[in-house]
Amino acid sequence: MRTRNELYQAAMRTVSARRQTARARAEDARAEAEAAIPALRHAEEEVRACGVRCALAGARGADRSAAAAALAAARQKRDALLAASGRSPLALEPKFTCPVCQDTGVAGGKTCGCVRREMQRLRREEIEAMSSLSVTSFDTMKLSYYPDVKDPQLGRSVRAYMAELLDDLRAYADEFGLDSENLMLTGNAGLGKTHAALAVAGAALDKGFDVIYISSPDFFGRVETLHFGADPGGEKETLLETAAGADLLILDDLGTEFNSSFVISTLYSLLNDRLGRRRPTILTTNITDGTLLEKLYTEKVASRISAFVPYRFLGEDIRLKKALEV
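Quick note on the working numbering: the sequence shown kicks off at 1090 and runs consecutively.
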């Protein structure tokens, strides 16, 4: 996972590449036009010369009317040549992707919105690569995959129960902010916990928040390897700080990592740090027994997780149902 600064730098490189491409295409179009219209090069040079004279007059505080009239006449002559060949004057200008900043990444002295949108796209792409699932929305979660049968403990249909649960999570996503509550999505494998968490991630990204998704076994395995091995670049601290400082952290598949005293300590520190920063976290886990959770992670970790709002997913493995449809 990339830090926010790394994401910003990657987005700026993308925007800069767009600008270079737009300018190169404009130069190609200009060369093609000059080859087809022999008088165009002279007309272009006249426009540039008149422009310089107009600018110098303005800089000296002199009357610019004569220079401005000459510039307008030069442009009109050039445009007439282009029109006669079936070309628009705009055909020689770069076609920037972002008209606000002209692909410079800066507008009004601030980072342009196109850079922030590119950062969101890159983060979304990163999350999908790490989770192997698309960052979609709750609209893609079909209630038909949940059994419409009465659950003895619920006393009502599993499908009706899941409809209410997903509606609650959809409302959470719609209203997401830095003051949102922490969530713990529990239930057996294949019931849509990760899908629901990524749907929240999609809504948060659309609102401009930065979202970090980490798979519990991958993340803690990497941190532990760095801690007990060589880490000259300080990658461990970067990983922990990135996870701790994210606007929204999704910690997926808690309970599937190799458990150790180091992992427990790291998990406690991460949760404690995010609670202190008041940054919302979403945990997903197949562990549905609070006693087992405390046994695996100690009372200290369990006490932190007890502050999370629980959502218990019920039903049958959706992935198996989807496989049977193929």
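Yeah, the Cβ is synthetic: ideal placement off N, Cα and C, and Gly gets one too.
A quick note: this is a predicted structure, and the numbers were derived from the prediction, not measured.
Taking 8 Å as the cut-off, decide whether the C-beta atoms of residue i and residue j are in contact.
i                  : j               : result
methionine 1219    : tyrosine 1097   : no
threonine 1373     : leucine 1274    : yes
aspartate 1237     : arginine 1245   : no
histidine 1316     : methionine 1230 : no
alanine 1100       : leucine 1211    : yes
phenylalanine 1402 : lysine 1325     : no
tyrosine 1400      : isoleucine 1353 : no
phenylalanine 1397 : leucine 1272    : yes
leucine 1258       : tyrosine 1250   : no
leucine 1170       : alanine 1128    : yes
cysteine 1143      : alanine 1163    : no
tyrosine 1235      : glycine 1379    : no
Please state whether DSSP places residue i in a helix, a strand or coil.
i               : result
arginine 1164   : helix
proline 1399    : strand
valine 1300     : strand
leucine 1243    : coil
lysine 1389     : helix
aspartate 1341  : strand
alanine 1148    : helix
leucine 1222    : coil
isoleucine 1216 : helix
lysine 1231     : coil
isoleucine 1126 : coil
isoleucine 1040 : Nothing in the structure corresponds to residue 1040, since the chain is present only between 1090 and 1415.
valine 1195     : strand
threonine 1200  : strand
arginine 1091   : coil
threonine 1103  : helix
valine 1189     : coil
glycine 1379    : helix
serine 1177     : coil
aspartate 1406  : coil
arginine 1153   : coil
aspartate 1237  : coil
asparagine 1416 : The structure shown does not extend to residue 1416, since the chain spans only 1090 to 1415, so no value can be given for it.
glutamate 1182  : coil
Just the Cα atoms here: how many angstroms apart are residue i and residue j?
i                  : j               : result
phenylalanine 1298 : valine 1141     : 46 Å
aspartate 1263     : serine 1226     : 11 Å
glycine 1365       : alanine 1118    : 57 Å
alanine 1290       : serine 1221     : 14 Å
arginine 1153      : alanine 1159    : 10 Å
glutamine 1165     : lysine 1184     : 21 Å
glycine 1202       : proline 1188    : 11 Å
glutamate 1270     : proline 1178    : 55 Å
threonine 1092     : leucine 1328    : 8 Å
leucine 1343       : asparagine 1375 : 8 Å
phenylalanine 1265 : glutamate 1207  : 21 Å
threonine 1370     : leucine 1360    : 8 Å
arginine 1176      : alanine 1120    : 13 Å
aspartate 1362     : valine 1390     : 12 Å
glutamine 1209     : isoleucine 1216 : 10 Å
glycine 1334       : arginine 1368   : 8 Å
arginine 1149      : arginine 1112   : 32 Å
alanine 1155       : glutamate 1134  : 18 Å
threonine 1103     : alanine 1115    : 19 Å
alanine 1286       : aspartate 1228  : 13 Å
arginine 1205      : asparagine 1094 : 12 Å
alanine 1332       : serine 1358     : 11 Å
glycine 1197       : glutamine 1191  : 12 Å
cysteine 1139      : leucine 1145    : 10 Å
Contact defined as beta carbons within less than 8 Å: I believe residue i pairs with residue j. What is the distance between those atoms, to the nearest angstrom?
i               : j                  : result
aspartate 1341  : serine 1305        : 6 Å
arginine 1108   : threonine 1193     : 7 Å
arginine 1213   : valine 1195        : Contact flag wrong, Cβ pair sits at about 23 Å.
glycine 1310    : phenylalanine 1347 : 7 Å
arginine 1167   : alanine 1124       : Actually they do not touch by this definition, with Cβ atoms about 16 Å apart.
isoleucine 1407 : glycine 1276       : Contact flag wrong, Cβ pair sits at about 11 Å.
glutamate 1383  : serine 1349        : At roughly 17 Å, the Cβ-Cβ gap does not stay under 8 Å, so glutamate 1383 and serine 1349 are not in contact.
alanine 1260    : leucine 1232       : Not confirmed; about 16 Å, so no contact.
leucine 1337    : valine 1300        : 5 Å
Check your understanding: Unbroken beta strand (DSSP E) runs of length 3 or more, entirely within the segment 1259–1335: which are they?
Key -> 1272–1275, 1300–1304
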